[in-house]
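*Asks:* Numbering (our numbering), first residue to last: 1 to 240.
Note that the Cβ used here is the ideal one computed from N, Cα and C, for glycine as well.
Model, not experiment: these values are computed from the prediction.
Supplied in structure tokens, the structure appears directly below.
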């Protein structure tokens, strides 16, 4: 059968989960549903070698054991996987947190089936665009630094044949560091540029830098690309 796409639905409310699945199936989507985050990442990984790889994950946030935030964060290395949060919480800080963790969309409950389908269709289109942008033919759109390339639209970080998707904040931090490569950037500068409307502690910034470091090492090999200057801030090295 020719499906529009393969959607994974993660929702602990059985009635809502069934309603979402029915909504997608009536619109010719293949669906796989889970009542918790357990086994979801593994299923998505295994689906990549199947006839119907997963295109989009739609997940609740508040769930037993592993929350939706943790689940989406664990899938940060899947740049061609669409990620949608569904949540009863409409507060701005929660929506911002979800998007900064790498989600593509955040839909507030109660869900409207038409809105859900339209947002899903739009995301599928963006995923196809992302696939084209991240191909070798689109290399001229990349920003080059050291032996890396980063695409400012897709947030894909590349080094040789390796690639990883950066979260929104990781991507913004990297662009900030590239702009001042070889110079120390203070934590205050990072906070001012990345979080102008929010208060962020030094610990939050340390964690963000740590995540960016890990992704640089993941695709570029183990090296101290970002140096910590105690009491001063961080420095993206000018050469390797």
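Assuming residue 102 and residue 76 form a contact by the criterion Cβ under 8 Å, report the distance between their Cβ atoms to the nearest whole angstrom.
*Replies:* Indeed they touch by this definition, with Cβ atoms about 5 Å apart.
*Asks:* Does residue 71 pass the burial test, meaning 16 or more other C-beta atoms within 10 Å, or should it be called exposed?
*Replies:* The residue in question, residue 71, is buried, as its Cβ has 16 or more Cβ neighbours within 10 Å.
*Asks:* Within 8 Å, do at least three Cβ pairs link the stretch 88 to 103 to the stretch 39 to 56?
*Replies:* No contact exists between the stretch 39 to 56 and the stretch 88 to 103.
*Asks:* Answer with buried or exposed for residue 153, where buried requires no fewer than 16 other C-beta atoms within 10 angstroms of its C-beta.
*Replies:* Flag for residue 153 reads exposed.
*Asks:* Compute the distance between the beta-carbons of residue 220 and residue 146, then report whether it is under 9 Å.
*Replies:* Yes, Cβ-Cβ distance for residue 220 and residue 146 is below 9 Å.
*Asks:* Give me the residue from 63, 124, 232 with the minimum Cα distance to residue 246.
*Replies:* For residue 246 there is no data in the structure shown, the boundaries of the chain being 1 and 240.
*Asks:* Excluding the 5 residues preceding and the 5 following residue 12 in the sequence, name in chain order all residues of the same chain whose CB lies nearer than 7 Å to its CB.
*Replies:* Same-chain partners within the cutoff: 35, 36, 60, 63, 64.
*Asks:* Please report the residue range of the beta strand (DSSP E) in which residue 235 lies.
*Replies:* Unbroken beta strand (DSSP E) run through residue 235: 233 to 236.
*Asks:* Excluding sequence positions up to five away, which residues of its chain have a Cβ less than 8 Å from the Cβ of residue 69?
*Replies:* Here the set comprises 61, 97, 98, 101.
*Asks:* May I ask you to verify whether the stretch 176 to 191 touches the stretch 201 to 211, counting CB pairs closer than 8 Å and requiring at least 3?
*Replies:* Yes: at least three Cβ pairs fall under 8 Å.
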